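For what it's worth, the working numbering labels the leading residue of the sequence shown as 28, then goes sequentially.
We put the beta carbon where it would ideally sit given N, CA and C, even for glycine.
All of these numbers come straight from a predicted model, not from anything done at the bench.
Only one structure is covered here, and it is reproduced in the block below.
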Amino acid sequence: MRIAVPNKGRLHEPTIDLLERAGLHLENGADRKLYADTVDPDVTVLFARAADIPEYVSDGAADLGITGFDQVQEARVDDVSELLDLEFGRCRLVLAAPEDGEIDGVEDLAGKTVATEFPNITEDFFADTGVDPDIVEVSGATELTPHVEMADAIVDITSTGTTLKMNRLAVVDEVLASSVRLFGREDVLEDSKVGEVRTALSSVKRAEGKRYLMMNVPQDRLEAVRDVIPGLGGPTIMDIADEEDEKAKVAVHAVVNERDVFETITEVKAAGASDILVTEIERLVE
């Protein structure tokens, strides 16, 4: 099983970190190499340009791929399926035009020129709107093209909008919302190893922003404590064994959102809980 991942750029480090947290530790490093083995002898990581990963998966060079949804859409591969939204690398592809120009809506671009590094996505977007501009593919510095009279508008990636503002460009419309996804070739989707990889990555994502809360609670205060724990599926209640003076207490364990921990500790303590312990969760498997 080969997984293609970005070899550099803003998606590389978060992807490697995710694989490591999921238990797929790289055994021989990721720097300046095409392949890396993992602790699972059946899983190898293949490093490639983020834009090339959909084609690598489609052509069989890799079985699974991790890259941006925008790259998958731009590649127009029809034999791969999305398996999981990994929820990082979020960005938008937007249609933008000069702030002081005459382009206020998509319809204003009929017969005009649009520059972009994503010609296929841009073509699909305008096909849906019924507007037919001239689409010009560029390889970089897209935001400069309206100012040097190469284009009337652009379709480009933005995360914060800062670059657009610096270049005096205003968003006309959103073309595509993107984040990093796990996807696989359709003929391998039923492979058990694909399911294992998906579960491993999913368990890391489910654990993000969660904390494991443990405490001791007197039996007669159990309902009061249960009522204030915002747990996932309710707390787990366990007897405390071999403690003569603790027979009237039980151990209560629960998974709570990190943002709720401060308030929850205050409330369970007031309800009678003691010996409260909070720990991080590395993985949370459904």
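Secondary structure note for P146: it is in no beta strand (DSSP E), and the uninterrupted alpha helix (DSSP H) holding it is P146 to T156. Short of 6 Å from the beta carbon of A49, and not among the five residues preceding or following it, lie these beta carbons of its own chain, in chain order: A227, L228 and V231. CA-to-CA, the gap between K35 and A63 works out to about 14 Å. For K139, there is no enclosing beta strand (DSSP E), as DSSP gives it neither H nor E. At a cut-off of 3 residues, the continuous stretches assigned as beta strand (DSSP E) that sit fully inside the stretch 64–125 are 71–75, 91–95, 107–112 and 118–125. Annotation for G211: the continuous beta strand (DSSP E) segment containing it runs V207 to R212.
Linking E126 to V252 through their CA atoms gives a straight-line distance of about 57 Å. Cβ atoms of L38 and G116 come within 8 Å of each other, at about 5 Å. Around the beta carbon of M28, 16 or more other beta carbons sit within 10 angstroms, so the residue counts as buried. Residue burial is scored here from C-beta neighbours: D179 has at least 16 other C-beta atoms within 10 angstroms and is therefore classed as buried. With contacts defined by Cβ atoms closer than 8 Å, C118 and T185 form a contacting pair. Here the alpha carbons of G128 and V141 stand approximately 14 Å from one another. Taking C-beta separations shorter than 7 Å and ignoring five residues to either side along the sequence, the partners of T169 in its chain run A142, T143, E144, I181 and D183, following chain order. Counting only the Cα atoms, I43 lies some 34 Å from I292. With a threshold of 16 other beta carbon atoms within 10 Å, M193 falls short and is exposed. Looking at D86, A298 and R248, the one whose alpha-carbon comes closest to that of K276 is R248.
Relative to the Cα of P41, the nearest Cα in the group V255, P81, T94 and D155 belongs to T94. Of the residues S108, R76, P81 and P262, the one whose Cα lies closest to the Cα of R225 is S108. Where D44 is concerned, the enclosing alpha helix (DSSP H) starts and stops at H39 to R48. For A251, the enclosing alpha helix (DSSP H) covers residues L249 to V255. Here R208 has I93, T94, G95, F96, V99, E109, L110, L111, D112 and L113 as same chain residues with Cβ atoms under 8 Å from its own Cβ, once five neighbours each way along the sequence are excluded. Under the three-state reduction of DSSP, K276 is assigned to strand.
For P146, same chain residues with a beta-carbon under 7 Å away, outside a window of 5 residues either side, are I162 and E164 in chain order.
Taking L196 as the centre and dropping the five residues before and after it, the same chain places the C-beta of A123, A124, P125, E126, E170, P173 and I181 closer than 8 Å to its C-beta, in chain order. S186 carries a coil assignment under DSSP once its states are collapsed to helix, strand and coil.
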